[in-house]
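The block underneath contains the structure these notes are about, expressed in structure tokens.
What follows is the structure, given as structure tokens:
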């Protein structure tokens, strides 16, 4: 499978998001740069609202990700509960 | 009516559907083809606009909320940057030349994207793509404006960007990015979406923004880094739109495939040629390098784009053929481009220089198969000549490629010692090209590309002198007249970095900031 | 205590970009509105003609009958560049959200008298389609007009109208659920009261002159619709009948119109002041589209106003005329 990725700005807001992504995608690889954190995964990456909410202790709208998003790769499917990046081949 | 019955809470997808396509209707007082007049002439067949899948489902309330937060953060950083003379924190003053290149070459394109997406966002009969395009139109004016606002502070202290709007419409090398976007916005709405939405935003934008922005971060330019990352966060939405457009068009009718494939081939090549400027910026203009152009191309195009084209294979789309030639050029592109600008530094709005010994060592390491063999000797020779007071400025005008408008400086695929020339005879005239790909693009639409406003032709025809210039007078200096027409101040905006006003001022100001004088 | 905050003072070479300095007549600091607006649109040496409109350049002042020596004579009194625009709207959105929450959490929708609720569903909800039409028309204005000073507010107006269409959708969802949207759409497509207005909106969609479209949509239609529906019907007539919660749900529209008409007025004033030819063309457009808009709005207003309709619509038209005359358009 090809690699999908998401890159976020490195800051207080994104720290728990990255943690949640790692929890939900144990095989994902986190590349840290001073200003940017890029997370690669093989074929598919899932970001779950509930996991983030557990870590930050408040309700979270996945659209809030927009504020700190830098770039991504893959097809996107977004619902209230999950944001999924994937390749079909 | 019993309103106590709990109203069903709509999920994101259903809610977004009633907030967008639910608003639309099939007109009956005016004909569809009069309201959407540009939908058929490109030959794309769409049978059901409702099959469109919305990628990000942002309603306006959420859009305003999140975008305002981004803007607040961005302008807070810009204000702090300005108040603290942030420009003195960059690695060295050579870096600022990348900012000049960016504001005169790229920012005006963001503006064209704004108008182009307003046009596309008006013309598609589907409510979903229309809303997505209009949101992108709104984002693009954001990018144009935040870039101008970020660069405004540099303009106060450094030369070369003081009249960048004027320059963009006139200067020889800026016709490369300008003609690229003019080409896109004058194409039909579907081709515009494939050119900008897909080829540029999805396939190439990472190559523009990520290296440029991390380059800015690495070189201490907090202002540029912040607008860059902030703009890029909108790009994620735009990239997704570009990908959905391609999938949607291909799923609608098998006849669309050859048209879309031709557009992808064309626009990947057109976009790549524009990125020549980025290649030389990465390899030569950033005092602290992040990665080489070649490495960036391998990660963001070969690896990433490879995954994308593999995914699109199920629709019959293949990797653009030009990828093979680009792979052959990746060891040469930035060196050939920088050499060209080194030559023409008298007619550019930024400074050039010969890389120092450390930088040459870096280039040798990154380009083991090409730098020492083909380019280092040339640059060492220039360095020797400059040391003897013979800094060379080329004042004859180069032949330009009719399609990409870059001077014909690129070499034959596979032979870096031979300049590549192609030509076509069309209606009594001869047209010249830098490559087979630019030639093929011309041959498909000659009536479009014969219109190109080629700066060198225009100069020779006398169209690039200030009004009232008499070129027949004794001692007429054509280059000086052209620089006047460009609004360049000769001796301040152009020539070598060594000895420039930028260099002197930066050293003096930095001295004031770091020493007691 | 005295704190001496020291930063290095260096003298700038210039205060703004040359194009701005030329327009301001001096090299002095410029506002972000000026730097983000003036000369942003390309003006010279276009490479190719649009394949979709070969008779014009990419940006072409001759797409309209209105003539300006300088299209940057226009100025948005709100000084909206993107940042100022989104921050202003985000603030209004906060208020709107709080209002929706207030009405929802206290079940105020259920306390509405039945006739008020019926009027809202019948009158307000179909207007979401009118706002959607305005979204398209303002996209046209932005895409095909000349000069950023004129075109830029077009995209803001387009997105505002999309936002309004979405607020009206939420009003429908809150008061009548998804079905109310379907009922409203059927009225819009087939109901006698709405056909004049729908024809008006569809006719606007084929206007090629961006300034005429600006007059038809933003000056004439909105100039009558907003005072009539939001100021007269919602804030006055319905509130008197116990419909105050409705006014909370449409506060965005009321505030928005008060704000945007400053821009439409300033734009008309600048265009009219340019020449007698412009005055005559604008007057012709205003009269033609005003009369059509007033006629189209009559049956719609009747849903809420009954026998008072003619008098109240006439009053709104009178106020409209006074506004336009003040902007220098001879009516």
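Protein chains in written order, with UniProt numbering: chain F, 1 to 89; chain S, 1 to 517; chain D, 1 to 331.
Using N, Cα and C, we set each Cβ at its ideal position, and we do this for glycine too.
Alpha carbon to alpha carbon, how far is residue i from residue j?
{"i": "residue 303 of chain S", "j": "residue 264 of chain D", "result": "51 Å"}
{"i": "residue 5 of chain S", "j": "residue 310 of chain S", "result": "Reliability fails at residue 5 of chain S, whose pLDDT of 45 lies under 50, so the model's placement of it is uncertain and the value that follows must be treated cautiously. Approximately 50 Å between the Cα atoms of the pair."}
{"i": "residue 32 of chain D", "j": "residue 79 of chain S", "result": "12 Å"}
{"i": "residue 98 of chain S", "j": "residue 496 of chain S", "result": "14 Å"}
{"i": "residue 75 of chain F", "j": "residue 85 of chain F", "result": "5 Å"}
{"i": "residue 38 of chain S", "j": "residue 189 of chain S", "result": "7 Å"}
{"i": "residue 274 of chain S", "j": "residue 296 of chain S", "result": "15 Å"}
{"i": "residue 15 of chain S", "j": "residue 432 of chain S", "result": "54 Å"}
{"i": "residue 271 of chain S", "j": "residue 186 of chain S", "result": "16 Å"}
{"i": "residue 188 of chain D", "j": "residue 297 of chain D", "result": "13 Å"}
{"i": "residue 21 of chain D", "j": "residue 72 of chain F", "result": "41 Å"}
{"i": "residue 208 of chain D", "j": "residue 305 of chain S", "result": "40 Å"}
{"i": "residue 244 of chain D", "j": "residue 169 of chain D", "result": "18 Å"}
{"i": "residue 314 of chain S", "j": "residue 41 of chain F", "result": "22 Å"}
{"i": "residue 259 of chain D", "j": "residue 423 of chain S", "result": "58 Å"}
{"i": "residue 1 of chain S", "j": "residue 21 of chain S", "result": "At residue 1 of chain S the pLDDT is 40, less than 50, meaning the model places this residue with poor confidence and gives no usable figure here."}
{"i": "residue 10 of chain S", "j": "residue 137 of chain D", "result": "29 Å"}
{"i": "residue 6 of chain F", "j": "residue 44 of chain F", "result": "11 Å"}
{"i": "residue 219 of chain D", "j": "residue 49 of chain S", "result": "32 Å"}
{"i": "residue 299 of chain D", "j": "residue 123 of chain D", "result": "10 Å"}
Report the CB separation of residue i from residue j in whole angstroms; it is logged as a contact under 8 Å.
{"i": "residue 328 of chain S", "j": "residue 407 of chain S", "result": "Not a contact, Cβ separation roughly 20 Å."}
{"i": "residue 121 of chain D", "j": "residue 184 of chain D", "result": "7 Å"}
{"i": "residue 364 of chain S", "j": "residue 371 of chain S", "result": "5 Å"}
{"i": "residue 352 of chain S", "j": "residue 342 of chain S", "result": "5 Å"}
{"i": "residue 13 of chain D", "j": "residue 157 of chain S", "result": "6 Å"}
{"i": "residue 197 of chain S", "j": "residue 143 of chain S", "result": "Not quite, the Cβ-Cβ distance comes to about 15 Å (not below 8 Å), so this is no contact."}
{"i": "residue 153 of chain S", "j": "residue 87 of chain S", "result": "6 Å"}
{"i": "residue 455 of chain S", "j": "residue 462 of chain S", "result": "Not confirmed; about 13 Å, so no contact."}
{"i": "residue 241 of chain D", "j": "residue 125 of chain D", "result": "At roughly 18 Å, the Cβ-Cβ gap does not stay under 8 Å, so residue 241 of chain D and residue 125 of chain D are not in contact."}
{"i": "residue 201 of chain D", "j": "residue 313 of chain D", "result": "With 8 Å as the limit, residue 201 of chain D and residue 313 of chain D do not qualify as a contact, their Cβ atoms being about 18 Å apart."}
{"i": "residue 199 of chain S", "j": "residue 146 of chain S", "result": "Going by Cβ atoms, the distance from residue 199 of chain S to residue 146 of chain S rounds to 24 Å, so no, they are not a contact pair."}
Residue i versus chain S: which residues are under 7 Å apart at the beta carbon?
{"i": "residue 69 of chain F", "result": "233 and 236"}
{"i": "residue 76 of chain F", "result": "55 and 240"}
{"i": "residue 9 of chain F", "result": "229"}
{"i": "residue 302 of chain D", "result": "Near residue 302 of chain D there are no residues of chain S at all, since even the closest Cβ is about 21 Å away, more than 7 Å."}
{"i": "residue 31 of chain F", "result": "Within chain S, no residue comes near residue 31 of chain F; the closest Cβ sits about 11 Å away, beyond 7 Å."}
{"i": "residue 191 of chain D", "result": "Near residue 191 of chain D there are no residues of chain S at all, since even the closest Cβ is about 13 Å away, more than 7 Å."}
Which chain D residues sit within Cβ distance under 7 Å of residue i?
{"i": "residue 138 of chain S", "result": "155 and 159"}
{"i": "residue 121 of chain S", "result": "139"}
{"i": "residue 188 of chain S", "result": "51 and 52"}
{"i": "residue 163 of chain S", "result": "17, 18 and 19"}
{"i": "residue 111 of chain S", "result": "40 and 41"}
Using a C-beta to C-beta distance shorter than 8 Å, which residues of chain S count as neighbours of residue i?
{"i": "residue 26 of chain F", "result": "The contacting residues do not exist; residue 26 of chain F stays about 21 Å from chain S at best."}
{"i": "residue 97 of chain D", "result": "61"}
{"i": "residue 79 of chain F", "result": "11, 12 and 13"}
If the cut is a Cβ gap below 8 Å, which residues of chain D does residue i touch?
{"i": "residue 185 of chain S", "result": "50 and 58"}
{"i": "residue 182 of chain S", "result": "46, 47, 48 and 58"}
{"i": "residue 73 of chain S", "result": "Correct list: empty, because the minimum Cβ distance to chain D is about 11 Å."}
In chain F, what lies closer than 7 Å to residue i by C-beta?
{"i": "residue 292 of chain S", "result": "Per Cβ cutoff of 7 Å: no residues; residue 292 of chain S is ~17 Å from chain F at best."}
How would you list, in chain order, the residues of chain F whose beta-carbon sits under 8 Å from the beta-carbon of residue i?
{"i": "residue 225 of chain S", "result": "35"}
By the criterion of Cβ-Cβ separation under 9 Å, what are the contact partners of residue i in chain D?
{"i": "residue 104 of chain S", "result": "Here the premise fails: no neighbours, minimum Cβ distance about 11 Å."}
Mind listing the chain S neighbours of residue i? Cutoff is C-beta to C-beta under 9 Å, in chain order.
{"i": "residue 23 of chain D", "result": "Per Cβ cutoff of 9 Å: no residues; residue 23 of chain D is ~11 Å from chain S at best."}
(message) To be precise: take each residue of the region 51–68 of chain S, compare its Cβ to all Cβ atoms of chain D, and keep it if any distance is under 8 Å. Which residues remain?
(response) Residues are counted here when their Cβ sits less than 8 Å from a Cβ of chain D; for the region 51–68 of chain S these are 59, 60, 61, 63, 64, 65, 67 and 68, given in chain order.
(request) Could I get the ranges of all uninterrupted alpha helix (DSSP H) runs contained in the region 48–121 of chain D, with 4 residues as the minimum, in chain order? (result) Those alpha helix (DSSP H) runs which fall completely within the region 48–121 of chain D and span 4+ residues are 82–105 and 114–119.
(request) Scan the region 58–89 of chain F and note each continuous beta strand (DSSP E) run of 3 residues or more that stays entirely inside, going in chain order. (result) Taken in chain order, the complete beta strand (DSSP E) segments of 3 or more residues contained in the region 58–89 of chain F are 69–73, 75–78 and 82–86.
(message) Can you pull out the residues from the region 307–318 of chain S whose beta carbon lies closer than 7 Å to at least one beta carbon of chain F?
(response) Those would be 307, 310, 311, 313 and 314, in chain order.
(message) What ranges does the alpha helix (DSSP H) occupy inside the region 269–346 of chain S, keeping only unbroken runs of at least 4 residues that lie completely in it?
(response) Listed in chain order, they are 276–280, 293–296, 304–312, 322–329 and 333–343.
(request) With 8 Å as the C-beta to C-beta threshold (strictly closer), list the residues of the region 12–35 of chain S near chain F in chain order. (result) Listed by position, the residues of the region 12–35 of chain S near chain F (Cβ gap below 8 Å) are 12 and 13.
(request) For the region 441–453 of chain S, enumerate the residues whose C-beta is nearer than 7 Å to any C-beta of chain D, in chain order. (result) Flagged, chain order: 448, 451, 452 and 453.
(request) Please list the residues of the region 128–156 of chain S that have a C-beta atom closer than 8 Å to any C-beta atom in chain D, keeping them in chain order. (result) Those residues of the region 128–156 of chain S that come within reach of chain D (Cβ to Cβ, closer than 8 Å) are 130, 131, 134, 135, 137, 138, 141, 142, 144, 145, 146, 148, 149, 152, 155 and 156.
(request) Taking a Cβ distance cut-off of 7 Å, strictly less, list which residues of the region 59–85 of chain D are near chain S, in chain order. (result) Answer in chain order: 81, 82 and 83.
(request) Select from the region 327–340 of chain S all residues with a C-beta closer than 8 Å to any C-beta belonging to chain F, and list them in chain order. (result) The residues in question: there are none.
(request) With 9 Å as the limit, tell me which residues of the region 203–215 of chain S have their beta carbon closer than that to any beta carbon of chain F; keep them in chain order. (result) Result list: 205, 206, 209, 210, 213 and 214.
(message) By the 9 Å beta-carbon criterion, what residues does the region 273–290 of chain S contribute toward chain F?
(response) Listed by position, the residues of the region 273–290 of chain S near chain F (Cβ gap below 9 Å) amount to none.
(request) At 4 residues or longer, and completely inside the region 154–224 of chain S: list those alpha helix (DSSP H) runs for me, N to C. (result) Fully contained in the region 154–224 of chain S are the following alpha helix (DSSP H) runs of length 4 or more, in chain order: 164–168, 175–186, 189–192 and 205–218.
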